[in-house]
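Notes follow once the structure below has been shown.
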Amino acid sequence: MATKHYLFPTDYMADPAVHVFNGKIYIYPSHDWDAGECEDDDGGHFQMKDYHVLTLADPDQGLAEDCGVIFDVEDVPWAEKQLWDSDVVEKNGKYYNIFSGKGYDGVFRLGVAVADKPEGPFIPQPYPIRGSFSIDPCVLKDDDGSIYTYFGGLWGGQLQWWQPLAPGFTPVIGKHGDENGLTDMGSAPTKQDELFAHPDTPALPSLVVKMSDDVLQFAEAPRPVVIVGDDGQPLKASDPHRFFEASWVFKRDGKYYFTYSTGDSHLICYAVGDNPYGPFKYEGVILTPVVGWTTHHSIVAYQGKWYLFHHDSVPSGAKTWLRSLKVCELKWDANGKIKTIEGLD
Ligand code: FUB
Numbered sequence: 021m022a023t024k025h026y027l028f029p030t031d032y033m034a035d036p037a038v039h040v041f042n043g044k045i046y047i048y049p050s051h052d053w054d055a056g057e058c059e060d061d062d063g064g065h066f067q068m069k070d071y072h073v074l075t076l077a078d079p080d081q082g083l084a085e086d087c088g089v090i091f092d093v094e095d096v097p098w099a100e101k102q103l104w105d106s107d108v109v110e111k112n113g114k115y116y117n118i119f120s121g122k123g124y125d126g127v128f129r130l131g132v133a134v135a136d137k138p139e140g141p142f143i144p145q146p147y148p149i150r151g152s153f154s155i156d157p158c159v160l161k162d163d164d165g166s167i168y169t170y171f172g173g174l175w176g177g178q179l180q181w182w183q184p185l186a187p188g189f190t191p192v193i194g195k196h197g198d199e200n201g202l203t204d205m206g207s208a209p210t211k212q213d214e215l216f217a218h219p220d221t222p223a224l225p226s227l228v229v230k231m232s233d234d235v236l237q238f239a240e241a242p243r244p245v246v247i248v249g250d251d252g253q254p255l256k257a258s259d260p261h262r263f264f265e266a267s268w269v270f271k272r273d274g275k276y277y278f279t280y281s282t283g284d285s286h287l288i289c290y291a292v293g294d295n296p297y298g299p300f301k302y303e304g305v306i307l308t309p310v311v312g313w314t315t316h317h318s319i320v321a322y323q324g325k326w327y328l329f330h331h332d333s334v335p336s337g338a339k340t341w342l343r344s345l346k347v348c349e350l351k352w353d354a355n356g357k358i359k360t361i362e363g364l365d
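Each residue of the sequence shown is one higher than the one before, counting from 21 in this note's numbering.
This is the structure in structure tokens:
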């Protein structure tokens, strides 16, 4: 049994994106609070309005320390509300926070905020990333220095709104952009029309895109992240192990591990590939369901061990919009597969 502990008992934080910068662990979480909104399938109860960064000296037993607010929704000209999951990457001594936020048009997009140090403060760019949409970015810096962003989330994350782009993903860059760098795809379809894909069709994939040299834009059109089963075919929309949200990618022994939440089946799963674009072969469950509807995580190596960071809603008495950060060691078995961790432990 993995020994877990809560990291930050004094406030509600979720969606931990964890990196080691300059030998130190930094946690970039979403900052939950009780906005008094009703729970709905669009995640209207997640009304986060700022981001903090935490540091952690001892992932085996220690508590995280709050370095304070790194930016607020008031600092983001294009975003009205709902600062959801984010991630941070370093390049040439600068730190780039790629985050999700909902615009005044009700559409989720990705933005970039830049800092000189991992503690911030981060200065948001005036416009979202051109051609971006949906939520939950995570960033992989590959060994050759190339930076890839993986993103997307179903239901409230709006990935299904962009479903016409799924087969082959028609490039959106430059096709629909206006002078503000926004992408006008027409009026939003109703959730009821687009929430559920036909069970026999391939699951709607998340996306991966190489970032521009300045890390402020997409360098290409986003491509689908295809997860295949033992038969080599993409997982189906009805498969409880299919992608839903919370992409997190890391490298180990030259392999690319694409890890993700299955949303309404409440698992953290993983799939392995030979390059950043995939395809990724489904391998198994990392974390079984936790208390709370959402599950979201990151995986990082630190001082020779691997750690799973995630959240649950135990401390708030199962309020799914008030989540708390946890950590435990993650282990591989003799066959090189990740050992499943119990979410209720
Ligand atoms: O925190 C808001 C949303 O809940 C995230 O973007 C999802 O991954 C889920 O954790």
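Where is the CB? At the ideal position from N, CA and C, for every residue including glycine.
Could you give the first and the last residue of the continuous beta strand (DSSP E) run that contains residue i?
i    : result
V38  : M33 to F41
N117 : K114 to G123
V229 : S226 to K230
Y170 : I167 to F171
K346 : S344 to L350
Y48  : K44 to H51
I319 : H317 to Y322
G14  : Residue 14 lies beyond the residue range present for the chain, which begins at 21 and ends at 365; the question has no answer from this structure.
P244 : R243 to V245
H330 : K325 to D332
Contact check, residue i vs residue j under 8 Å by CB: the rounded distance?
i    : j    : result
V334 : S318 : No, V334 and S318 are not in contact; Cβ-Cβ is about 19 Å, not under 8 Å.
F264 : L160 : Not quite, the Cβ-Cβ distance comes to about 20 Å (not below 8 Å), so this is no contact.
S106 : Y48  : 6 Å
H367 : H51  : Look at the range of the chain in this structure, 21 to 365, and you will see that residue 367 is not part of it.
I155 : G177 : 4 Å
W182 : F153 : 6 Å
V245 : F278 : 6 Å
Y124 : V269 : Not confirmed; about 31 Å, so no contact.
F41  : P138 : 4 Å
G172 : S226 : 4 Å
K346 : Y26  : 6 Å
C58  : L74  : About 29 Å; that fails the 8 Å criterion.
D92  : K69  : 6 Å
Y168 : P296 : 5 Å
K111 : V235 : 6 Å
I45  : L76  : 4 Å
D250 : K275 : At roughly 17 Å, the Cβ-Cβ gap does not stay under 8 Å, so D250 and K275 are not in contact.
C158 : A338 : About 27 Å; that fails the 8 Å criterion.
Per the DSSP calculation, residue i is bridged to which residue(s)?
i    : result
A291 : F278 and Y302
H25  : V347
R272 : K275
I361 : L307
K111 : K114
P296 : Answer by DSSP bridge pairing: none, since P296 is not bridged.
V159 : T169
F248 : A small fix is needed here, since residue 248 is Val in this sequence, not Phe. Beta-bridge pairing links V248 to P254 and K301.
I143 : V134
F238 : M231
P222 : K256
Flag this pair as touching only if the stretch 250-258 and the stretch 141-160 have three or more C-beta atom pairs under 8 Å; answer yes or no.
-> no
Do the stretch 125-132 and the stretch 91-103 meet, that is, are 3 or more Cβ pairs less than 8 Å apart?
-> yes
With a floor of 3 residues, list each beta strand (DSSP E) that falls wholly inside the stretch 57-106, ordered by position along the chain.
-> 70-76, 85-92 and 99-101
Validate contact between the stretch 301-315 and the stretch 283-293 using beta carbons, cut 8 Å, 3 pairs | yes
Report yes or no: do the stretch 321-330 and the stretch 52-63 share at least 3 C-beta pairs separated by less than 8 Å?
-> no
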